[in-house]
Amino acid sequence: MFSWGLIEVDPGNYNWRDTDKMVRVMQKDRVAVLTTLWPFADWDQETCHGDQPKAKPTFPELGDSLYAPCDIGAYTAWLEATVERYDGDGLNDMPGLEYPMRHWEVANEPEMQKPGLTFFQEDSAAYLDLLRESYKAIKAADPLSVVLLGGQAGMFDSMVEYWEPILQEAHEFFDVGNIHSIRSSNTFFSAEYRAFLDRHGHQEKPFWVTEALIGESSLQGGSEEELAQIAFTGSVVSFVNGAEVVIIAGAVYDRPKIPQNVSETWETVISTIGNFESVTGLAENSTRFDMPNGATVYAIWAGAGLPADVTGTVLTRLYDGSEATLDASLVAAEVPTFVLIN
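For the sequence shown, the working numbering assigns the number 6 to the initial residue and increments by one for each residue that follows.
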């Protein structure tokens, strides 16, 4: 995450040391980056929000005043400078930048305003204004940039009510929708969110699931193996429902927060269909992925077999990564299974 007040500690003075260090680490690992932009600086907040209630922020480094910027000009100047530094166009770029950073998320879960879980302290109208000004600044610095909404925390009533007026007015101020599922939905709210976007006139806008976390509360009486299988079925169904990208929450470099068997299933999904070109839902428990190398991968579960026109020897890969070679006619998926053709 990039926070205004951590980079511009004093008005007009930018310190890129920490963000540059972060970018170098990720680029060394060739990691694609979606950057969350936090619009808070203590010195700015004090000028017009100093007498307003303080928050108990989830991330203390953001400060305890989480309102929209007072000096929108100073904020957008910082934003343009930030995007310019990491866009890879050769103008005022970070020294040693290896590839562009083009994906930017404007704040995060602004509707979350509970004690101990607060990311923004204003209403939908304030976030819409923030989104509008942020979008214009980002695009001014890098016309090729991709701007995501601040991730919607889920599809529960209070969240929908917050985001509805934003989606009604934000047609020209974002490129990609953004939904989170934190131990909440076995299909990561993908169908519900696609319908939500469509209902407000965003049929042409893609969406990402930028936080998909599977944890113990997802069990609902099931086994740990069933929990791991959600990583397989949830991601496959999300892609069928139109998600372009699913980002795993909790899989941080040195402090993973997800169970080992769930992590192993994610690895299987990523290594098998992580770069698919197209996806086709065949049935509720059967999906076809076409891969860049011309291969086809079927994702099947709940007893599904292969289409009748698939014949010969195939490679099966279960959700846990175990593999076997079978005749296509013998394949019946008692557990979530990938079947690799050619």
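Cβ coordinates follow ideal geometry from the N, Cα and C atoms, glycine included. Model, not experiment: these values are computed from the prediction.
Buried or exposed for residue i, going by 16 or more other Cβ atoms inside 10 Å?
i	result
Asn20	exposed
Asp417	The structure shown does not extend to residue 417, since the chain spans only 6 to 347, so no value can be given for it.
Arg204	exposed
Glu339	exposed
Thr318	exposed
Gln157	buried
Val14	exposed
Pro148	exposed
Glu116	buried
Thr238	buried
Thr273	buried
Asp332	exposed
Using the C-alpha atoms, what's the distance from residue j back to residue i?
i	j	result
Thr123	Ala329	48 Å
Ser240	Val251	7 Å
Ser276	Ile187	23 Å
Leu172	Leu202	7 Å
His176	His207	7 Å
Ser163	Pro120	15 Å
Asp23	Glu89	17 Å
Ile184	His108	15 Å
Leu67	Asp325	39 Å
Val165	Ile305	32 Å
Phe178	Ser334	50 Å
Pro62	Gly279	34 Å
Glu51	Ala112	19 Å
Asn191	Gly155	22 Å
Gly308	Pro211	31 Å
Glu231	Phe194	19 Å
Val284	Thr301	10 Å
Gly93	Val344	39 Å
Glu85	Gly17	13 Å
Tyr303	Gln265	25 Å
Considering Cα atoms alone, identify which of the options is closest to residue i.
i	options	result
Pro36	Pro105, Thr301 and Pro312	First, the residue type needs correcting, since residue 36 is Val and not Pro in the sequence shown. For Val36, the nearest C-alpha among the options comes from Pro105.
Pro312	Thr292, Gly10 and Pro148	Thr292
Leu71	Trp271, His54 and Phe161	His54
Ser9	Met31, Asp76 and His108	Per the sequence shown, residue 9 should be read as Trp rather than Ser. Measuring from the Cα of Trp9, the nearest candidate turns out to be Asp76.
Ala200	Leu153, Leu154, Ala248 and Ile235	Ala248
Gly299	Trp271, Glu282 and Asp314	Glu282
Val30	Glu85, Leu84 and Gly101	Gly101
Ala82	Glu269, Ser150, Lys210 and Ile143	Ile143
Lys26	Ile12, Ile263 and Glu116	Ile12
Gln118	Asp69, Asp332, Asn97 and Gly78	Asp69
Val28	Met99, Gln265, Val151 and Leu331	Met99
Ser327	Glu269, Gly286 and Gly78	Glu269
Is the separation between the beta-carbon of residue i and that of residue j shorter than 7 Å?
i	j	result
Leu133	Glu174	yes
Glu110	Leu39	yes
Val267	Ile346	no
Ala351	Glu229	Given a span of 6 to 347 for the chain in the structure shown, any question on residue 351 remains unanswerable.
Glu197	Met160	yes
Leu136	Val181	no
Leu42	Phe7	yes
Trp271	Ala236	yes
Gly310	Ala337	yes
Ser129	Tyr167	yes
Thr342	Leu320	no
Tyr80	Pro44	yes
Gln126	Ala46	no
Ala145	Ala73	no
I'd like to know if the region 291 to 306 and the region 232 to 246 are in contact, where contact means that at least 3 CB-CB pairs between them fall below 8 Å. yes
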